[in-house]
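To start, the structure itself, in structure tokens.
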Amino acid sequence: MKKIVQFLLSLVLVMTFASCSSENSKVSENPSNNESTKKPIVQNNEPEKPAIVFEEITVIDNEFCTIKITGINPDNLWGYTLNAYLENKSKDTTFMFSIDGAAINGIQTQPLFASEVAPNKKSNVEISFMDSTFSNYSASDFTDIELSFRVYDSNDWAADEVAEVTQNIYPLGQEKAIHYVRPSQPTDTVLVDNDQLTIVVTGYEIDDIWGYSANFYLVNKTDKEVMVSVVDVSVNGYMADPFFATTIKPNKVQFSSMTWSDSVFEENSISEVESIEMTLKVYDAKNWLDQDIFLETFTLNP
């Protein structure tokens with residue numbers, strides 16, 4: 005009986021070794037485990053994105069308030085975003101911290117920002133750029149961010165500002181800052197191009213929400229803030245006031261639109277725009293009594 009048991013144990017051991025030998029053979033024959041047949045590693049040759057270069061910036065720190073830019077988040081849900089720290093040093097006055105003007109690479113914009121801070125309080129806030137003008141911008145396209153801060157008594161708009169200061173932020177370093185210049189297009193209609201202004205109609209579009217629009221590219225070459233407006237506007241010979249008036253900061257450019265609601269066209273039975281007649285008026289935004297910088301009538305044929 006003992007011999008039978010020994011024979012069976014020997015048989016099991018032989019079968020186990022044979023199985024292991026077979027598996028090892030299969031492994032060595034698999035090309036994926038053979039060093040000589042491994043696929044080469046494919047390297048990513050895409051250029052590296054420019055790194056954001058940033059150190060905390062103290063915009064202002066006086067007896068009334070403090071403003072600091074503390075960080076940059078290019079991937080924020082609300083768009084390219086700056087993190088800021090606000091401090092109200094007043095004992096009894098609530099301050100409104102606002103941005104009176106902003107520009108990206110010289111293109112005027114208005115970020116999503118306004119914040120009240122109570123007396124002797126601090127606040128961490130975000131300054132986000134949601135302007136559709138920059139919807140196709142990547143983080144590396146934001147090279148020069150200019151912010152003009154204004155701080156004032158939230159309950160007394162007639163009171164003097166406690167702070168007015170402009171700060172430039174260079175996310176990629178100041179040496180990489182660029183100033184935007186729009187290339188001219190064959191479809192452009194140039195209305196003005198002199199040593200003070202450039203005003204170009206860049207095209208027309210119909211939007212289900214905003215209605216019919218004439219799109220503009222505006223350049224202010226002066227050291228004044230200017231107001232660009234239109235008067236005596238007609239479409240296909242019918243008086244039709246659009247939504248349009250915009251201010252442009254000194255030495256800035258802006259994309260803007262002159263828009264008519266659907267109801268204006270419906271009231272005048274306008275189904276297709278054949279002609280737009282308007283008087284273009286540009287003047288000093290801070291001095292309405294001063295002589296117009298530009299005043300001329302144009303007819304557009306979309």
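The numbering of the sequence shown is the working numbering, which starts it at 5 and goes up by one. Think of the CB as a built atom: it goes at the ideal place given N, C-alpha and C, for glycine as much as any other residue.
When the Cβ atoms of the stretch 147 to 156 are set against those of the stretch 98 to 111, are three or more pairs found closer than 8 Å? Touching, yes.
Just list the beta strand (DSSP E) runs in the stretch 202 to 244, keeping only unbroken ones of 3 residues or longer that don't cross its boundaries, in chain order. Correct list: 215 to 224, 230 to 239.
Residues bridged to Arg154 (per DSSP): One-based indexing of the sequence shown puts residue 154 at position 150. Per DSSP, Ser102, Glu168.
For the alpha helix (DSSP H) holding Asp266, just list the boundary residues, first then last. To locate residue 266, count along the sequence shown from 1; it is residue 262. Note, Asp266: alpha helix (DSSP H), 266 to 271.
If you draw a straight line from the alpha carbon of Thr202 to that of Leu195, how long is it in whole angstroms? One-based indexing of the sequence shown puts residue 202 at position 198. One-based indexing of the sequence shown puts residue 195 at position 191. CA-to-CA, the gap between Thr202 and Leu195 works out to about 8 Å.
So what's Glu278 in DSSP terms, helix, strand or just coil? Residue mapping note: residue 278 aligns to position 274 of the sequence shown, counting from 1. Coil, per DSSP.
Distance, Thr301 Cα to Asp236 Cα: Taking the first residue of the sequence shown as 1, we reach residue 236 at position 232. Taking the first residue of the sequence shown as 1, we reach residue 301 at position 297. When only Cα atoms are considered, Asp236 and Thr301 end up about 9 Å apart.
Leaving out five residues on either side along the sequence, give the residues of the same chain with a beta carbon under 6 Å from the beta carbon of Asp164. As a position in the sequence shown, residue 164 is number 160, starting the count at 1. Correct list: empty, nothing qualifies.
Output yes or no for whether 7 Å exceeds the beta carbon distance between Gly215 and Asp266. Here residue 215 refers to the residue found at position 211 of the sequence shown. Here residue 266 refers to the residue found at position 262 of the sequence shown. In contact: Gly215 and Asp266 (Cβ atoms closer than 7 Å).
Is Tyr287 closer than 7 Å to Met231 when the C-beta atoms are compared? Reading the sequence shown from its first residue, position 227 is the one you call residue 231. Reading the sequence shown from its first residue, position 283 is the one you call residue 287. Their beta carbons are under 7 Å apart, which means Met231 touches Tyr287 by this criterion.
Exposure label - Asn224; buried when at least 16 CB within 10 Å: Here residue 224 refers to the residue found at position 220 when the sequence shown is read from its first residue. It is buried - the Cβ of Asn224 has at least 16 other Cβ atoms within 10 Å.
Where Gln258 and Met282 are concerned, what is the direct C-alpha to C-alpha distance, given to the nearest angstrom? Start at 1 with the first residue of the sequence shown, and residue 258 comes out as number 254. Start at 1 with the first residue of the sequence shown, and residue 282 comes out as number 278. In a straight line, the C-alpha of Gln258 is about 20 Å away from that of Met282.
Coarse secondary structure for Phe138, derived from DSSP in three states: Reading the sequence shown from its first residue, position 134 is the one you call residue 138. DSSP places Phe138 in helix when its eight states are reduced to three.
Just to confirm my understanding: we take Asp296, look at its own chain, exclude 5 residues before and 5 after, and list those with CB closer than 7 Å. What are they? By 1-based counting over the sequence shown, the position of residue 296 is 292. These residues qualify, in order along the chain: Lys285, Val286, Tyr287.
Go through its chain and collect everything with a Cβ distance to Ala244's Cβ below 8 Å, but skip five positions before and after it. Walking along the sequence shown from the start, residue 244 turns up at place 240. Only residues of its own chain outside the window of five on either side were considered, and among them Val237, Ser238, Trp264, Val268, Phe269, Asn272, Ile274 have a CB closer than 8 Å to the CB of Ala244, listed in chain order.
Using DSSP's beta-bridge definition, name the partner residues of Phe1. One cannot answer for residue 1 here, as it falls past the ends of the chain, which runs 5 to 306.
If contacts are defined as beta-carbon pairs under 8 Å, then Asn310 and Thr206 qualify, I think. What distance do you get, rounded to the angstrom? With the chain covering 5 to 306 only, the question about residue 310 has no answer from this structure.
Stretch-stretch touch, CB-based, cutoff 8 Å, three pairs: the stretch 70 to 90 with the stretch 120 to 139: Enough Cβ pairs lie closer than 8 Å, so yes.
Measure the beta-carbon distance from Lys256 to Gln112 and round it to whole angstroms, keeping in mind my assumption that it falls under 8 Å. Here residue 256 refers to the residue found at position 252 when the sequence shown is read from its first residue. Here residue 112 refers to the residue found at position 108 when the sequence shown is read from its first residue. About 4 Å separates the CB atoms of Lys256 and Gln112; that is less than 8 Å, so the two are in contact.
Assuming Asn305 contacts Glu278 (C-beta within less than 8 Å), just tell me the rounded distance between them. Stepping through the sequence shown from its first residue, residue 305 is reached at position 301. Stepping through the sequence shown from its first residue, residue 278 is reached at position 274. Between Glu278 and Asn305 the Cβ distance is about 7 Å, and since that is below 8 Å, they are a contact.
How should Ser260 be labelled, buried or exposed, when 16 other C-beta atoms within 10 angstroms of its C-beta is the threshold for buried? In the sequence shown, the residue the question calls residue 260 occupies position 256. With 16 or more other Cβ atoms from the protein chains shown falling within 10 Å of its own Cβ, Ser260 counts as buried.
On the premise that Val57 lies in contact with Gly177, defined as a C-beta separation below 8 Å, what is that separation, rounded to the nearest angstrom? Within the sequence shown, residue 177 is the residue found at index 173, counting from 1. Within the sequence shown, residue 57 is the residue found at index 53, counting from 1. Right, their Cβ atoms sit about 5 Å apart.
Suppose you measure from the CA of Lys180 to the CA of Pro190; what does that come to, to the nearest Å? By one-based count along the sequence shown, residue 180 stands at place 176. By one-based count along the sequence shown, residue 190 stands at place 186. For Lys180 and Pro190, the distance between alpha carbons rounds to 30 Å.
Would you identify the three-state DSSP class for Ser144, choosing helix, strand or coil? Here the question's residue 144 lines up with position 140 in the sequence shown. If DSSP states are grouped into helix, strand and coil, Ser144 belongs with the helices.
State the DSSP-derived secondary structure class of Ser14, mapped to helix, strand or coil. The count along the sequence shown starts at 1 and reaches residue 14 at position 10. Its pLDDT being 45, under 50, Ser14 is placed unreliably by the model, and nothing is read from it.
Which partner residues does Asp197 have in the DSSP bridge list? Mapped onto the sequence shown, residue 197 falls at position 193. Looking at the DSSP output, Asp197 shares a beta bridge with Thr202.
Residues of its chain near Asn291, where Cβ-Cβ distance is below 7 Å and the 5 sequence neighbours each way are ignored: As a first step, residue 291 must be located in the sequence shown, where it is residue number 287. Contacts found: none.
Could you check how far apart the C-beta atoms of Glu229 and Thr251 are, in whole angstroms? I think they sit under 8 Å. As a first step, residue 229 is located in the sequence shown; it is residue number 225 there, counting from the start. As a first step, residue 251 is located in the sequence shown; it is residue number 247 there, counting from the start. Indeed they touch by this definition, with Cβ atoms about 6 Å apart.
Taking DSSP as the reference, what is the three-state secondary structure of Gln178? Walking along the sequence shown from the start, residue 178 turns up at place 174. It is helical.
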